[in-house]
Amino acid sequence: MQANTEHIGIDTGKPLEQLLEKIADHKGCGTSSDGGKASCGSSDGPADMAPEVWEKVKNHPCYSEEAHHHYARMHVAVAPACNIHCNYCNRKYDCANESRPGVVSEKLTPEQASKKVLAVASAIPQMTVLGIAGPGDPLANPAKTFKTFELIAKTAPDIKLCLSTNGLTLPDHVDTIKAFNVDHVTITINMVDPEVGQHIYPWIFYKNKRYTGIEAARILTERQLLGLEMLTAAGVLAKINSVMIPGINDKHLVEVNRAVKSRGAFLHNIMPLISAPEHGTVFGLNGQRGPSAQELKALQDACEGEMNMMRHCRQCRADAVGLLGEDRSAEFTTEKIDEMSEVVYDAETRKAYQELVESERLEKVAAKEAALAEMSDDEVSDIKILIAVATKGQGRVNEHFGHATEFQIYEMSSAGSKFVGHRRVDLYCQGGFGEEETLPSVVRAINDCHAVFVAKIGGCPRDELKAAGIDPVDRFAHEFIEESAITYFKEYLAKVRSHEVVHEMRGDADIRQGAYISAA
Amino acid sequence: MAYKIIASQCTGCSACEPECPNVAIREKNGVFIIDPKKCTECLGHFDEPQCVAVCPVDLTCVIDNAFPRYVAPV
C-alpha cells in the first residue's frame, strides 16, 4: 500500500501554501466511508452531524467544540508503561507547572483513580467524561486501564469513558473496549507512510521484540489503521490526533487525513508540536521547531471538508481535571483523595446541575442564530477577520484581559462565526499589576487577530494593543461570544464599505511553547 | 549473569514488569528492581532480554557483572 502511494511527500521543498492549493480539490479528505456520508464534526451541533453521533458527543468537551464551553473532563494517570517511543515524548518528565500531554504529577492505582473520579464528579457536577490518556499507552497497560473502567462503571454509570492510544495493540482490544462500553477512542496517527514514520518513531516493542527504523513505522501504521477499521466496524467513535511537525509530516498529514477519513474516523485533531529544549525530548534537543499559528490553521483548513477538524484541543496534561483550558488537578492530589473518607456519589445533584447547563446552552445557540439571521444579504463579502476572546467559559466574554491565560480565536466571515483555535499566554496581570514584559508576548500570540474581546482592560495594555493594530473591545462584557462577534463583524464590514477603515490582512502569530502556569 | 536496573535512570513506568517471563521484576520505592536469582536473561524464552527491549530509557537495564552467566538447564 505505502510503496506505491504517491503522497504529498516530505522534502519536496515547496512552500506549504502551494501544496495546499494543489490538493484543494481533495477537500473533503477522501471518499466517504461505506456508511455513506457519515457526516461528522465538532463545531456547531446537530446540523452537521448524524443524530446518533451527536447524541454521543454532545456533552463531550474533547469531541464537541460547542460542549467544551459547558462540560468538563478528567484524566486519570493509571497507565504509565508504553510500547513505542516517540521523538516528541520524554518518559522522564514529571512536572506540576506544565500542561502538555504525557506530563503528570502522580501515578494512580485503579482503586485510587476510581475514588478520585467520584470525588471530582461530586465537586464538579459538569464533569461528564473520564479519559485514560497515559502517560504511556492505556492499551500497553490493559489490566490497569480496564480495571479502572470497571470500577467507575459500577459506581458512576453516567460518566462517559474514553481512552487515547498509540494504536499498536488496538486490534487486540477492540472487543474489550466495546464490552466496557467505551464509545470514544482517540488514536494518535502521525503518518501512514513508514518513510515519514521513521523520523518520528525511533522504535516500537511488538510481540516481544524491539523494531526500529522503517520496519517499526510500517508495523505501527498497519496496526493503527487496522485498529481504526475495527473500531468503526464495532460502532465505536474514533477521533484521530496528529502532531504537526514542520519538515517531517506537515504536508503528509493531508494524506493521513484522507486515510483516516476513508476508514471512518469522525474527527481529526491536528496539534502543533511542542518541543522546547527544556522538555528534554529528541525534537526539543535537536532544535526541531513547532508550526506557527498560521501554518497550523492552513493545514487544518486544507483538511476540512466532510470531516470536521478539532480546533479546541488544549494538549492537556495526562492528569488534567476540569474544563478544557483550566486545570484543577492540584485540588485533587492523591494525598487529598486518600484523606477523604467515604465519597458519596450524588447523581441527582449532578443531573440537576447539568439540566441548568443545558438551558444556558440553548439560550446561547438561540442568541447566535438571531444575530446571524440579522446579517442581511448585502453584507456578503469575501472579508474574513479573526477575533480573540478572553473567556472563562459558558460561551461568554467574561474574562479580564489581564487574567486571561488563553484567548479563544474566532474567524468571522459573512457565513457567520467559526471557532478556529485558542492561544495560550502568560498572565498579563499578576496580583493586580500589569507585567510590562509579558505584553509583547500576548501581542505575538494574537497578532493575526483584528480585535480582542475582553470583560475589562486597563489603559496601558489598551494603548499597546491599539499600537499593534489590534482593537481592544470591552463593550460586549459578559455577553455571548458568537452573538457579539457577529455584531462586531457587521459593524466592521459597514466601516470598510464607508471607507472609515481599510481592511488589511494581519500577520502570523506564535504558538506558545513553554510551561503553562495555572492561574491559581 | 543477570540483568539489573539502574535505579537513578528508572522512570518507574512499569513497562518491564509484565514482560518478564520469569516474574523477576517488581516495584520498590517507586522504581523497579530485578531479582537476580530469578533472571535468566530471557534465555530459552526470547531472542532479546525483554526488559532491555521495552525500557524507554536506553542503558537502564544492563548486565550485572556481580553474577555468573546464566546457563540454561539441559
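Protein chains in written order, with our numbering: chain U, 734 to 1253; chain W, -7 to 66.
Glycine included, every Cβ here is placed at the ideal spot set by N, Cα and C.
Please read all numbers here as calculations on a predicted model, not as lab measurements.
Out of the options, which has the shortest C-alpha to C-alpha gap to residue i?
i	options	result
U:E1102	U:F879, U:A992, U:T1220	U:T1220
U:I947	U:Y934, U:R956, U:Q957	U:Y934
U:M1073	U:K848, U:K1189, U:L1029, U:A783	U:K848
W:A45	U:V918, U:R824, U:F938	U:F938
U:N727	U:E1093, U:T909, U:T1082, U:N820	Absent from the model: residue 727 of chain U. The displayed extent of chain U is 734 to 1253, so no value can be given.
U:R806	U:A876, U:D891, U:T842	U:D891
U:R1177	U:V1130, U:H932, U:D1243	U:D1243
U:N1131	U:H793, U:G869, U:V1187, U:L894	U:V1187
W:S0	W:C43, W:V49, W:D27, W:C34	W:V49
U:L841	U:G1192, U:A1100, U:E1068	U:E1068
U:W787	U:A812, U:D916, U:V811, U:G864	U:D916
W:A16	W:Y(-5), W:N57, W:A58, W:I55	W:Y(-5)
W:A58	W:G22, W:D27, W:G36	W:D27
W:D39	U:A1121, U:K942, U:R996, U:N914	U:K942
U:N1002	U:Q1141, U:K1030, U:P1010	U:K1030
W:G22	W:C2, W:T32, W:L51	W:C2
Looking at residue j and residue i, is the spacing between their C-beta atoms short of 8 angstroms?
i	j	result
U:E1139	U:V1158	yes
W:C5	U:C815	yes
U:M1043	U:L986	no
U:A856	U:H808	no
U:Q859	U:Q1087	yes
U:A961	U:A998	Checking the displayed sequence, the identity of residue 961 of chain U turns out to be Leu instead of Ala. Contact flag set, yes.
U:A1063	U:P834	no
U:F1213	U:K1097	yes
W:F24	W:E11	no
U:R956	U:G1017	no
U:N792	U:T861	yes
U:I1118	U:M1145	yes
U:T878	U:L884	no
U:D1181	U:A966	no
U:V969	U:V925	no
U:T909	U:G930	no
W:Q42	W:P13	yes
U:I1120	U:A1201	no
U:I1142	U:R1129	no
Any idea if residue i is buried or exposed, counting beta-carbon neighbours within 10 angstroms, 16 or more meaning buried?
i	result
U:A889	buried
U:T881	buried
W:I(-3)	buried
U:T945	exposed
U:K972	buried
U:K940	exposed
U:H1045	buried
U:H1211	exposed
U:H1232	exposed
U:M1238	exposed
U:R1047	buried
U:L1095	exposed
U:G1013	exposed
U:A1085	exposed
U:P813	buried
Just verifying my parser: in three-state terms, what is the DSSP assignment at residue i?
i	result
U:H802	helix
U:D908	helix
U:I920	strand
U:A971	strand
U:F1166	Note that U:F1166 scores a pLDDT of 46, beneath 50, so its modelled location is shaky and nothing firm can be said.
U:N1002	strand
U:R951	helix
U:F1186	strand
U:L1056	coil
W:Q1	coil
U:K893	strand
U:L863	strand
U:R1254	The structure shown does not extend to residue 1254 of chain U, since chain U spans only 734 to 1253, so no value can be given for it.
U:Q1048	coil
U:V1158	coil
Leaving out five residues on either side along the sequence, give the residues of the same chain with a beta carbon under 7 angstroms from the beta carbon of residue i.
i	result
U:V851	Note that residue 851 of chain U corresponds to Leu in the displayed sequence, not to Val. Cβ neighbours of U:L851 beyond the five flanking positions: T888, A889, V1076, Y1078.
U:H1236	I1116, V1229
Any heavy atom of the ligand FAD within a distance shorter than 7 angstroms of the CB on residue i?
i	result
U:K893	Ligands displayed in this structure: none; no statement on the ligand FAD is therefore possible.
Among residues of its own chain, excluding the 5 on either side of residue i, which ones have a beta-carbon nearer than 6 angstroms to its beta-carbon?
i	result
W:A7	V46
U:P1024	M977, P979, P1005
U:Q1021	S1008
U:I1190	F1134, P1205, D1207
W:C53	Y(-5), I(-3), C43, V44, C47
U:R790	Checking the sequence, you will find Val at residue 790 of chain U rather than Arg. For U:V790, where only same-chain residues beyond five positions count, the Cβ hits under 6 angstroms are Y796, S797.
Here's a check: name, in chain order, each residue in its chain whose Cβ is nearer than 8 angstroms to the Cβ of residue i, leaving out the five neighbours to either side.
i	result
U:D1204	H1183, A1184, V1185, L1198
U:M963	L903, P904, V907
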